[in-house]
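A.B. asks: Chains as they are written, first to last, in our numbering: chain A, 1 to 343; chain B, 344 to 686; chain C, 687 to 1029; chain D, 1030 to 1372.
Following this message is one structure expressed as structure tokens.
Number of protein chains: 4
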Amino acid sequence: MVKIGIVGGTGYTGVELLRLLAMHPDADVVQITSRAEAGRRVSDLYGNLRGHFDLAFSEPDPQQLAACDLVFFATPNGTAMQLVPGLLDAGTRVIDLAADFRLVDSAEWEHWYGMPHACPDLLAEAVYGLPETNRDAIRDARLVANPGCYPTAAALGLLPLVEHGLADTDTLVADCKSGVSGAGRGANVGMLMGEVGESFKAYAVPGHRHLPEIRQTLGRAAGRPVGLTFVPHLVPMVRGIHATLYARVPGDAGDLQALYAQRYAAEPFVDVLPPGSHPETRSVRGVNHCRIALHRPQDGDMVVVLSVIDNLTKGAAGQAVQNMNLMFGLDERSGLDQVALLP
Amino acid sequence: MVKIGIVGGTGYTGVELLRLLAMHPDADVVQITSRAEAGRRVSDLYGNLRGHFDLAFSEPDPQQLAACDLVFFATPNGTAMQLVPGLLDAGTRVIDLAADFRLVDSAEWEHWYGMPHACPDLLAEAVYGLPETNRDAIRDARLVANPGCYPTAAALGLLPLVEHGLADTDTLVADCKSGVSGAGRGANVGMLMGEVGESFKAYAVPGHRHLPEIRQTLGRAAGRPVGLTFVPHLVPMVRGIHATLYARVPGDAGDLQALYAQRYAAEPFVDVLPPGSHPETRSVRGVNHCRIALHRPQDGDMVVVLSVIDNLTKGAAGQAVQNMNLMFGLDERSGLDQVALLP
Amino acid sequence: MVKIGIVGGTGYTGVELLRLLAMHPDADVVQITSRAEAGRRVSDLYGNLRGHFDLAFSEPDPQQLAACDLVFFATPNGTAMQLVPGLLDAGTRVIDLAADFRLVDSAEWEHWYGMPHACPDLLAEAVYGLPETNRDAIRDARLVANPGCYPTAAALGLLPLVEHGLADTDTLVADCKSGVSGAGRGANVGMLMGEVGESFKAYAVPGHRHLPEIRQTLGRAAGRPVGLTFVPHLVPMVRGIHATLYARVPGDAGDLQALYAQRYAAEPFVDVLPPGSHPETRSVRGVNHCRIALHRPQDGDMVVVLSVIDNLTKGAAGQAVQNMNLMFGLDERSGLDQVALLP
Amino acid sequence: MVKIGIVGGTGYTGVELLRLLAMHPDADVVQITSRAEAGRRVSDLYGNLRGHFDLAFSEPDPQQLAACDLVFFATPNGTAMQLVPGLLDAGTRVIDLAADFRLVDSAEWEHWYGMPHACPDLLAEAVYGLPETNRDAIRDARLVANPGCYPTAAALGLLPLVEHGLADTDTLVADCKSGVSGAGRGANVGMLMGEVGESFKAYAVPGHRHLPEIRQTLGRAAGRPVGLTFVPHLVPMVRGIHATLYARVPGDAGDLQALYAQRYAAEPFVDVLPPGSHPETRSVRGVNHCRIALHRPQDGDMVVVLSVIDNLTKGAAGQAVQNMNLMFGLDERSGLDQVALLP
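Below, the structure written as structure tokens:
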């Protein structure tokens, strides 16, 4: 059993993590912290956990956390970096579901997140937790930076093209659509159902924090910086991300369907659909899968990749559990073998 | 392993049954029939089943079905009654998720379902599959009539009051609200999202087929016929039933909260919430639980019971699996231990 | 032209009022106040008003307000009562869309709203703005208390039965369902789409502030206090209220359909549907109508009335404009002749 | 008064047309045909029209239609072309809301619509009813081809760039999202709320019929064929289209915001938003406006245009009324001056 602490368990990422860990055979959650909800039973806040967790939220206690094998941070950006150095020193391993350790370049991090980084020296050590690119490094990592939701969907959809140098990496487009749970559970007028129900809009077109993260992942795969236009949109539904990815692939690039199938053949959580498919976000609701379909409309230069994930699962807590499984030598699928809830 | 056949696996009840059986350690689904989809792989119709079922739909074949330990019918009303006698003769046990065997009175059945019953003699033998009232009979049953969705939510909410003779059973009201998946997956203009999205309405107020079923269950508990007004409504969401139940409980009826807690203390899938609670349908999304809260506004005569289930799980396929577990001597919770998907 | 001021125009009631007044031929909105948004153009906050209003929000200025013919208050409860006495003294007429003047009994008001009333003497003068019961008094009123959304739907549905003494007024039930805009536009975790999307629940079952208001209206019609159980629910949609009303009508009560048709024959905004109907909330989306259907299931004692309104229109701003029309001698339908948005 | 016939008034385009014409001061609807619903009152099918139309649906009668000044076709593709020649011969003018006359090239039409064209000679005469490009021709037209919903949103968003030769017209991308009402009101399993609620997907990526229409409009503006990748998506909401448009605009293209503002300054129904805006589909719900915002992320080569319309209004029936106004010398805004329903 892995002895687990969770810092900041009251948001949507936190409750999803608890849902998955409740069904995990080797997870022993011993502490869930929340300053705001300290003393309240976890199952009082989240009715779906009744009967699964007897724990109450507690004030964060560094010593208790340091006694865990693994600590997940499901906190706002800027919190984990305050506590991680101490935990690592104590020999506790960490998976941060926030963004504190996702960018290797501290200047770029500070530019996009608008604050100084508390431990920039750890950025180089932190392993970006996308198992499809970093599996071996994750196994040995002390500190895993769990990827963002959009970056997971976009990167998995574009990686095969970029890794093989087939796409024009100056003109990539990621037109992404997310359910509202991606915005978190903070009190925010803009996310009231009265504001976002029965409506659709783009947001953050001038620049979203996931842009540098996607660029970093694709740039590593390409071996050089990539040009990417990233436009996120808000869908009036709770869960799910759909990335529609546009890449110019000039000339005869061979059998792209076979390329994708081969690239992900051994991946337990990436499913390349048959030619002509249009994946629905509901086909991955509540599960850790990414489903991908490939199109080349009218046999032109533009390749269109459709990539869907559940933003809270493969886009957050599910991927974190997948990383935990790797870090602790468990079956990578352990606790993640549910079937998506459809309809 | 229980060797299982499913007749009519293309509707929402069917896909939910497949989802649950895919996660069940003792279920071996060997045949799924559909005339319309014969030859098509199950996972092509339902993307969430990719990687979980290799089966294709097949034409119904009575001999192959008779070779199963258990056959589930997830067919329209009127289909199961044609095939069940032959299966029972062959020693195969049956759970019918449709309504063919729910009413013990064949004349009443024929009145509400508008067709002659093909095997009225089996109505007396069939066991109504509500484990909270019929557990022992279900264990030994050859033929289980799986309850309707509204009847499950309404009956579980009212049973303790009715069993103890506390409620005025002439003036019961069940004001019930269901997500759209309850209407099934048939091509039906009235269930287009353009028709039912962003709107709310009652339907079938003059009389819904679940009315005699609820009356039968409550009447058995009361020991005499009950008067019930049942009004179903359609909620613009996919899954979930919320029953708001009104019962006049005159005089000092004692501690009703304690009564409910005690009545369901041993029930693995009925959860009586603390006083003052308002259960949400999402707290049972995708799981086999019923969550119940009890109110007596302004300490008056009227008791209000709130009862929520997932119409496809405790209201259909989940309850069917619970019944299967009972019939085959398995742990009643087997395959049903997921955590509800929230948010 | 009626010279109009609006106090507190940033909530959903405010924007609906602005939408309707923009289409009103005799309305001249000269001032819209909001402390929080002072200086911001109204059309910057609400994109649908671009091209219709050039005004900016301003700090409330009693003198400017007093120069208006009519001031609408679309403020939180407890605000209007601070300013109304001064406005009335200045000869300005007032319609309060909040609850400050809805209850005639100040002790009851203070009990339900949890604060002392600032001008209890005005409670007797204030006219309850339900034109279907108070049309003549509204015409002459200085101060109109615009009804709540649930009370409008429930009262219009039950009034004919109660006025004629046909219903057992001790056991009335109002099971009401509202879209989320009824909760307003405040930052409130509980109304995030991530919390209320794809889910359904009851709330405030122990007691909701609209309960005494409905009781007061029905009690006046009955000539004595009525017993009512009122349970509000939250529907995952933006607009609309559906009241399902249960009344025991013992014996031969005559032709209820004709009774309702006659009661509302002259009402421009109440539409009694043909027998057997099930009104949808979308049939009144954005318009000032109430649509009502009547059922007596299985010819029993229980009469079920279905009543739908748009909570922001007939349930708030539309009814306020209807009251304005009456107060200023305009055609009662003026500015309210749109067709509901369907689908 | 314009004497109007409507052929095929039972779909969503039909009811929207009726809604708008009910509020139009110069429209006299004398006939609404539907073979399937002949004899049924229009307001029985669509409750929002109660009190606005007394008409019943009738069998189509060519003579009665020919007695109208104007006939709208709100029929499936392939119907209008059977009746239009006769109507034009009789001197009746026609607006076809379907696709029969949208493409000038009959071979391309037959390729995309899969049937022979019944009157290819009329394709050259038919005027494409996008007032923002064809206003004068529309005024004099006997036959107007009302544009598709996606083509309206996409063309209005891209026209200024393309007309001025600023964009690379070989690599345009139109990533479009539509509410479900765009799919019409036919009985179709794929559009059940159980199928499309709480989920998001792309469709028709290999080729959608609106592709050649968008290409034709932009090609005319560019003076040469354009290369466009068009990907439509389905949003779990009822109304609204959001087009996210990507155009490479190399070098210094000047002040694009000013260019757009100037291009549409005189247009009554195109609203160019201030820099930095993100239009919501709800800001045009039920109205004939297109709202557009312009972005150039990180000052790169890629210009992103956001364009929203209501698919049933500016994308169908509203634009048809706008065309009617032009054809009959009425104020172009007549009957189209409502404020969008928000929230």
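No residue lacks a Cβ here, since even glycine has one placed at the ideal position from N, Cα and C.
1. For a contact defined as C-beta to C-beta under 9 Å, what are the partners of E1309/D on chain B?
2. Apart from the five residues just before and just after T696/C, which ones in its own chain have a Cβ nearer than 6 Å to its Cβ?
3. Between L751/C and G1315/D, which are expected to be in contact by the criterion C-beta below 8 Å, what is the C-beta distance as a whole number of angstroms?
4. Using a Cβ cut-off of 8 Å, which residues of the region 669-683 of chain B contact any Cβ in chain D, in chain order?
5. Does DSSP classify Y401/A as helix, strand or coil?
6. Can you list, in chain order, the residues of its chain with a C-beta nearer than 8 Å to that of L392/B? Leave out the 5 residues immediately preceding and following it.
7. So which residues on chain C does V516/B lean against when the C-beta distance must stay under 7 Å?
8. Report yes if the C-beta distance between A517/B and L501/B is below 9 Å; otherwise report no.
9. What residue range is occupied by the uninterrupted beta strand (DSSP E) comprising Y603/B?
10. Using a Cβ distance threshold of 8 Å, determine whether the region 466-485 of chain B contacts the region 585-601 of chain B, with at least three qualifying pairs required.
11. Using the beta-carbon count (16 or more within 10 Å), is Q322/A buried or exposed?
12. Should T1258/D be flagged as near chain A, meaning a C-beta pair shorter than 9 Å?
13. Establish whether the CB of T206/A and some CB of chain C are separated by less than 9 Å.
14. Does any heavy atom of the ligand SAH sit closer than 8 Å to the C-beta of A933/C?
15. For chain A, is any of its Cβ atoms less than 9 Å away from the one on P922/C?
16. Can you find the residues in the same chain that come closer than 6 Å, C-beta to C-beta, to R625/B, ignoring five residues on each side of it along the sequence?
17. On the criterion of 16 or more Cβ atoms from any shown chain inside 10 Å, does M458/B qualify as buried, or is it exposed?
18. Starting from Q1060/D and walking both ways along the beta strand (DSSP E), at which residues does that stretch end?
19. So within the region 1116-1148 of chain D, which uninterrupted beta strand (DSSP E) runs reach at least 3 residues, ignoring any that extend past its ends?
20. From the DSSP output, in three-state form, read off R135/A for me.
21. In chain order, what residues of the same chain have a beta carbon less than 6 Å from the beta carbon of A564/B, not counting five sequence neighbours either side?
22. When the Cβ atoms of the region 1280-1295 of chain D are set against those of the region 1238-1245 of chain D, are three or more pairs found closer than 8 Å?
23. List the residues of chain C that A187/A touches, going by C-beta distances under 7 Å, in chain order.
24. Cβ of D301/A within 9 Å of Cβ of V249/A?
25. Quick check: the Cα distance between D747/C and L773/C, rounded to an integer number of angstroms?
26. Could you please tell me which residues of the region 704-731 of chain C, in chain order, have their CB closer than 9 Å to any CB of chain D?
27. Please confirm whether V770/C and L858/C have their CB atoms less than 9 Å apart.
28. Assign A979/C to buried or exposed, taking buried as 16 or more other Cβ atoms, counted over all protein chains shown, within 10 Å of its Cβ.
29. Does chain B have any CB closer than 9 Å to the CB of Y12/A?
30. Using a 10 Å radius around the Cβ and a threshold of 16 neighbouring Cβ atoms, would you call Q1005/C buried or exposed?
31. For A1212/D, would you say it is in contact with chain B, using Cβ-to-Cβ distances shorter than 9 Å as the test?
32. Per DSSP, what are the beta-bridge partners of D518/B in this structure?
33. Assuming G5/A is part of the beta strand (DSSP E), what are its boundary residues?
34. Go through the region 1169-1204 of chain D residue by residue and report every complete run of the beta strand (DSSP E) that reaches 3 residues or more, in order.
35. Which word fits R788/C, buried or exposed, when buried means at least 16 other C-beta atoms lie within 10 angstroms of its C-beta?
36. Using DSSP with H/G/I as helix, E/B as strand and the rest coil, what is H210/A?
C.D. replies: So, to answer that:
1. Per Cβ cutoff of 9 Å: no residues; E1309/D is ~15 Å from chain B at best.
2. S720 and E723
3. With a Cβ gap of about 32 Å, L751/C and G1315/D do not count as contacting.
4. none
5. No answer is possible for residue 401/A: it lies beyond the span of chain A, which begins at 1 and ends at 343.
6. V358, L361, R362, A365, V385 and S386
7. V859 and Y932
8. yes
9. Careful: Y603/B lies outside any beta strand (DSSP E), inside the alpha helix (DSSP H) at L599 to R606.
10. no
11. buried
12. yes
13. Residue 206/A is actually Pro in this sequence, not Thr. No, P206/A lies away from the interface with chain C (no Cβ there is under 9 Å from its Cβ).
14. Here there are no bound small molecules, and the ligand SAH is not part of this structure.
15. yes
16. L685
17. exposed
18. A1056 to T1062
19. 1122-1125
20. helix
21. L502, V505 and E506
22. no
23. A873, N874 and V875
24. yes
25. 11 Å
26. L704, R705, L706, A708, M709 and D730
27. no
28. buried
29. yes
30. buried
31. yes
32. V574/B and T587/B
33. V2 to V7
34. 1172-1174
35. buried
36. helix
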